[in-house]
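Chains as they are written, first to last, in our numbering: chain P, 773 to 1156; chain D, 773 to 1156. For reference, the structure discussed in these notes is given below.
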C-alpha cells in the first residue's frame, strides 16, 4: 500500500514545506544530459534553482563540475562541497573581485563575466594588484533581453578582449543567455530562438578569433533554448537550471511537461469559506513566493496548481490568492469543476509557478522516493 | 562630512544586502505606540515583517511582549529570546498543536486562533490528551478578506465558544484583521474600515458575553486601520507590523509616508544598455522579492524606487524589470526625467514594494545610524 505509506509519511511533516520528487528530478536531468550530449556539446548545469550540493551531484558531469552559479555565496558553498569549475553568471562588480580571488585561491577555477570597458579596467587593476589571472567570458547579448554586447559589435568586443589579455586576464570566451525565450510558447519559435542564440555566440566568437584573440569557450543557455535547440555547431557548452525541477511557467512555455514538475509545496487545510467556495491553506506567498509569472501566459495558474498528496492535480483547483501565510484555494474562473472535499487537516501539494523563486523561500528539500515516502532531507542555501 | 562617511561605509558592504535606518524605524514605532496609547488600548506588534529580536525589543512594551507571530518558527525564536506573550496568527492546523504545547511548556503564554468546529474538536482532543489548556481566540471576519466567522453569526460563535470552554481550553477572546483595508487609499474610507473592524469585533465579543462566555481580549489590527482608527471603544488591543519598516505599497495606501520608509536594498551598478536607457544592478527579484503589489495602485513602482546612497530618490527612477539576480533601472514611463550618471560600481538603495516580502529574502539587517554609517548587523529568521 504505497499510497497509504505516502500519506502517513507526509502527515508527519510540519507545513508548509518543500517536497522534491527524486525520480522526476533524476529523469529531468537524465533527459537534458542526453539531449545536450546528443548535440555534441558539454553541459554546465546552472545551480541557481536548486542551490543544493545533493542536486548538483546528480546534475554535474563529475563532483568537480562544471557548474554555473548566480551568487558568490553559491560559489563559496559549492567550493566547500568540492566543485572546482564554476562560472559566476552575473556581470562582475569591482567590489566583488577580492571575494572571487579568495575562492580561486582555494583551487577553484571560478570564471567571471563582463560586458563593459569599466569592468575590464577594474579587472585589470585587480590583476595588477593581486596577480590572479581571473578567467573572463565576455557577455554577449543574443536578444536584447538584458545585458551583453551585440555580437556584431566587433570594435567593442575586440577592445575588451585585447584589454583583458593585455591586463593579464585569461580570456576564456563568450557567454550568452537567450532570456527572451521565456516569453515564447511555440516550438518553432523556440527552436528559432535557440538558433539565434547559437548564431550570435558563434558570430561573437569569430569576431574575437579573427583578430587573433583566444575564445576557447562558447557558452549558451536557457532552459527553453536548451530544450528546443536542433543544432549547436560552434557552441562548446550549454547551461540550464530550472528544467531540473520544472514549474508551471516552464510548462506554459512548453519546455517542461506539467507531469514532470518535481517540486511541490506541501500545505495543510486550515479553514473554509464555504459560501465563497474557498479552501484556506497554511501556504501563502511566503511559502510559494510572490511569483505570478503565469499571469502573462495563456493559462494563469494563480499562485499555483493544487494536487492531492500523491501529486495528481485536482481539476481546475488553483491557489487563487495568497497572503503572507495563507493561500486561498478556489476553482479556476470559468470552470464548472467541483471543489474537492478537503476537511481541516487535509494535506495538499502545490505546483509552483517558478521553481527558482519558490525554492528560495525554503532552506531544505524533503525528498520523495519512488514510492512517495520521504527518504531524506537535503539542505539548500540562500543569500549572497 | 557624514555623507562621505556614509558612502565609504556602504561601499564596504557586499551587495545586494538589506539596510535598515534605525532612526526611521524608531520614529515609526514611537509614532504608532503613541497613537495606539492615545486610543486607550494595548499594542501587540506583529513580528512577521521584521522577524528580528532586536526590532522586537524596540516594538514591544516589554522584553516579554506582547507580540504577534505568523509562524511557529517565529514563536520558537522569540521564545528563545525571552518573549512570553504571543499569539500565533494563522488558523491552527491540528498537526501543529503538539508544537504549540511544547512552546507553552517553556513558560510562554502562546495563544492560537481558529474559526471552525473541526479545529475546535481537534483542540479539545489535544487538551484531553495533554491537559494543556491552550488559550484560543476565535477568528472573526471583518470584511470578507480571508478567514473568520461573521460577527453576527452568534450561533457559530457560541457553538465554538462553548465547545472550547467545555473542552478545557482558555477562551481568550476574538481576533480580527481588516485585510481589505489594503485595497483602499482614501483617509475617510480607511477610517471607515477601522470603524467597521472595531464594530465587528465588539459585536462578536458581545455575542459571546451575552451568552455568559468569557471574552477578555478583543484584538483588531492592520497597519492601515491602526493608522486611521479614530475610536477603539470596546477593543482591548491593536496589532500591526509592516508600519515599522513601511514600504511603497503602504505609501500608496497612505498609511506610511515615503520618507519614513526604513528598509532599503543596497545594490551595485554592474552595467548599462545605453541605447535603451537601462542601468543594470546586482539586485534582482531574489533580493527585492517578486512582489509587484504596487502594480494595482495609482502609481506602479515596478520592483522598487531607486535612491542615492543617502536615501534620496532619484526623480522617476524605478526598477523597471527584474530577473533573478539582475535589476533593470529605467526612468518611469511618461516621465521626462534624466537618467542619472551611475558608473559601474556605483551604489544605489532601492525602496521595496513590500517590506515583509523583501525582508524575507535576507538573513540580516545592516543598521544605519543617524549619520548614515552602518553601526550593527541584526540577524533575522525565515522559514517555518
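Even for Gly, the Cβ is constructed at its ideal location relative to N, Cα and C. Computed from a predicted model, the values in this text were never measured in an experiment.
Original post:
Closer than 8 angstroms, Cβ to any Cβ of chain D: which residues of the region 838–853 of chain P, in chain order?
Top reply: 842, 843, 844
**OP:** Assign residue 1086 of chain D to one of three DSSP states: helix, strand, or coil.
**Re:** The residue you call residue 1086 of chain D lines up with position 314 of the second chain. In the structure shown, residue 1086 of chain D sits in a strand (DSSP, three-state: E or B).
Original post:
Using DSSP with H/G/I as helix, E/B as strand and the rest coil, what is residue 787 of chain D?
Top reply: Position 15 of the second chain, counting from 1, holds the residue named residue 787 of chain D. Coil.
**OP:** Hey, could you find the ends of the alpha helix (DSSP H) residue 873 of chain D is sitting in?
**Re:** Residue 873 of chain D sits at position 101 when you count from the first residue of the second chain. Taken as a continuous stretch (DSSP letters only), the alpha helix (DSSP H) holding residue 873 of chain D covers 869–876.
**OP:** Return the residue from the list D/1004, D/869, D/992, D/817 that minimises the CA-CA distance to residue 857 of chain D.
**Re:** Mapped onto the second chain, residue 857 of chain D falls at position 85. For residue 857 of chain D, the nearest C-alpha among the options comes from D/817.
Original post:
Just the Cα atoms here: how many angstroms apart are residue 1084 of chain D and residue 945 of chain D?
Top reply: If you number the second chain from 1, residue 1084 of chain D lands on position 312. If you number the second chain from 1, residue 945 of chain D lands on position 173. Going from the Cα of residue 1084 of chain D to the Cα of residue 945 of chain D covers about 45 angstroms.
**OP:** Classify residue 987 of chain D as helix, strand or coil using the three-state DSSP reduction.
**Re:** Stepping through the second chain from its first residue, residue 987 of chain D is reached at position 215. Residue 987 of chain D falls in the coil class under three-state DSSP.
Original post:
At a Cβ cut of 8 angstroms, what residues of the region 1100–1134 of chain D count as close to chain P, listed as they run along the chain?
Top reply: 1100, 1115, 1116, 1117, 1126, 1128, 1129, 1132, 1133, 1134
**OP:** For residue 933 of chain P, I'd like the list of residues in its chain whose CB is within less than 6 angstroms of its CB, leaving aside the five on either flank, ordered along the chain.
**Re:** Along the first chain, one-based indexing puts residue 933 of chain P at 161. Closer than 6 angstroms at the Cβ level, and outside the excluded window around residue 933 of chain P, lie 943, 980, 985.
Original post:
Using 8 angstroms as the threshold, is the region 1018–1034 of chain P in touch with the region 1057–1076 of chain P, meaning 3 or more CB pairs across them?
Top reply: yes
Subject >> Straight-line gap, residue 813 of chain D to residue 864 of chain P (C-alpha atoms, nearest Å) >> reply: Taking the second chain and counting its residues from 1, one reaches residue 813 of chain D at position 41. Taking the first chain and counting its residues from 1, one reaches residue 864 of chain P at position 92. C-alpha separation (whole angstroms): 52 angstroms.
Original post:
Is residue 1137 of chain P close to chain D, meaning its C-beta is less than 8 angstroms from at least one C-beta of that chain?
Top reply: Along the first chain, read from residue 1 onward, the residue named residue 1137 of chain P stands at position 365. So, not an interface residue.
Original post:
Which residues, in order along the region 1069–1101 of chain P, keep a beta-carbon less than 8 angstroms from a beta-carbon of chain D?
Top reply: 1095, 1096, 1097, 1098, 1100
Original post:
Unbroken alpha helix (DSSP H) runs of length 4 or more, entirely within the region 1024–1096 of chain P: which are they?
Top reply: 1057–1060
Subject >> Exposed unless 16 or more other CB atoms sit within 10 angstroms - verdict on residue 939 of chain P >> reply: Locating residue 939 of chain P in the first chain gives position 167, counting from the first residue. Buried: at least 16 other Cβ atoms inside 10 Å.
**OP:** Measure from the C-beta of residue 1022 of chain D to each C-beta in chain P and report whether the shortest distance is under 8 angstroms.
**Re:** By one-based count along the second chain, residue 1022 of chain D stands at place 250. It does not: the Cβ of residue 1022 of chain D has no partner Cβ on chain P nearer than 8 angstroms.
**OP:** Find the residues of chain P that neighbour residue 1061 of chain D, judging by a C-beta separation of less than 7 angstroms, and give them in chain order.
**Re:** Sequence index remark: in the second chain, residue 1061 of chain D carries index 289 (1-based). Neighbours of residue 1061 of chain D on chain P, chain order: 1062.
Original post:
Does any C-beta atom of chain P lie closer than 8 angstroms to the C-beta of residue 883 of chain D?
Top reply: The count along the second chain starts at 1 and reaches residue 883 of chain D at position 111. Not one chain P Cβ lies under 8 angstroms of residue 883 of chain D.
Original post:
Among the residues of its own chain, which have a CB less than 8 angstroms from the CB of residue 1039 of chain D, if the five just before and after it don't count?
Top reply: Taking the first residue of the second chain as 1, we reach residue 1039 of chain D at position 267. Contacts found: 787, 788, 1053, 1054, 1055, 1059, 1099, 1119, 1120, 1121, 1122.
**OP:** Could you round the C-beta distance between residue 1138 of chain P and residue 1146 of chain P to whole angstroms and report it? I think they count as a contact, below 8 angstroms.
**Re:** For the purposes of this step, residue 1138 of chain P is identified with residue 366 of the first chain, where counting begins at 1. For the purposes of this step, residue 1146 of chain P is identified with residue 374 of the first chain, where counting begins at 1. 5 angstroms between Cβ atoms; contact.
Subject >> Neighbour list for residue 910 of chain D in chain P, Cβ cutoff strictly below 7 angstroms >> reply: By one-based count along the second chain, residue 910 of chain D stands at place 138. Within chain P, no residue comes near residue 910 of chain D; the closest Cβ sits about 12 angstroms away, beyond 7 angstroms.
**OP:** Starting from residue 1016 of chain D, follow the alpha helix (DSSP H) in both directions and report where the run begins and ends.
**Re:** Locating residue 1016 of chain D in the second chain gives position 244, where the first residue counts as 1. Note, residue 1016 of chain D: premise wrong, no alpha helix (DSSP H); not H, not E.
Original post:
Three or more beta-carbon pairs under 8 angstroms between the region 945–964 of chain D and the region 917–932 of chain D, yes or no?
Top reply: yes
Original post:
Taking any Cβ of chain P, which residues in the region 1006–1032 of chain D have a Cβ under 9 angstroms from it, in chain order?
Top reply: none
Subject >> Among D/983, D/959, D/1020, nearest to residue 1090 of chain D - alpha-carbon criterion >> reply: On the second chain, position 318 is the one that residue 1090 of chain D refers to. Comparing Cα-Cα distances from residue 1090 of chain D to each of D/983, D/959, D/1020, the minimum goes to D/1020.
Original post:
Distance, Cα to Cα, residue 1153 of chain D vs residue 823 of chain D?
Top reply: In the second chain, the residue the question calls residue 1153 of chain D occupies position 381. In the second chain, the residue the question calls residue 823 of chain D occupies position 51. C-alpha separation (whole angstroms): 6 angstroms.
Subject >> Close beta carbons around residue 1086 of chain P, own chain, < 6 angstroms, minus the five adjacent residues each side >> reply: Residue mapping note: residue 1086 of chain P aligns to position 314 of the first chain, counting from 1. Around residue 1086 of chain P: 1078, 1112.
**OP:** Would you decide whether residue 868 of chain P is buried or exposed? Buried here means 16 or more other CB atoms lie within 10 Å of its CB.
**Re:** The count along the first chain starts at 1 and reaches residue 868 of chain P at position 96. Per the 10 Å Cβ criterion, buried.
**OP:** Please state whether DSSP places residue 949 of chain D in a helix, a strand or coil.
**Re:** One-based indexing of the second chain puts residue 949 of chain D at position 177. Coil.
**OP:** Could you name the residues that DSSP lists as bridge partners for residue 1137 of chain D?
**Re:** The residue you call residue 1137 of chain D lines up with position 365 of the second chain. D/1150, per the DSSP bridge assignment.
Original post:
Span of the alpha helix (DSSP H) holding residue 975 of chain D?
Top reply: Translated into the one-based positions of the second chain, residue 975 of chain D becomes position 203. Unbroken alpha helix (DSSP H) run through residue 975 of chain D: 959–981.
Original post:
Does residue 805 of chain D have its Cβ less than 8 angstroms from a Cβ in chain P?
Top reply: Position 33 of the second chain, counted from the start, is the residue given in the question as residue 805 of chain D. No - not a single Cβ of chain P is within 8 angstroms of the one on residue 805 of chain D.
**OP:** Could you check what DSSP says for residue 827 of chain D in three-state terms: helix, strand or coil?
**Re:** Numbered from its first residue, the second chain carries residue 827 of chain D at position 55. The answer is helix: DSSP assigns residue 827 of chain D an H, G or I state.
Original post:
Buried or exposed: which applies to residue 915 of chain P, given that a residue is buried once 16 or more other Cβ atoms fall within 10 Å of its Cβ?
Top reply: As a first step, residue 915 of chain P is located in the first chain; it is residue number 143 there, counting from the start. The residue is buried, with at least 16 neighbouring Cβ atoms inside 10 Å.
Subject >> Cβ of residue 974 of chain P within 8 angstroms of any chain D Cβ >> reply: Here residue 974 of chain P refers to the residue found at position 202 when the first chain is read from its first residue. With 8 angstroms as the cut-off, residue 974 of chain P does not count as an interface residue toward chain D.
**OP:** May I have the straight-line CA-CA distance separating residue 815 of chain D from residue 808 of chain D, to the nearest angstrom?
**Re:** Walking along the second chain from the start, residue 815 of chain D turns up at place 43. Walking along the second chain from the start, residue 808 of chain D turns up at place 36. Each residue's alpha carbon lies about 6 angstroms from the other.
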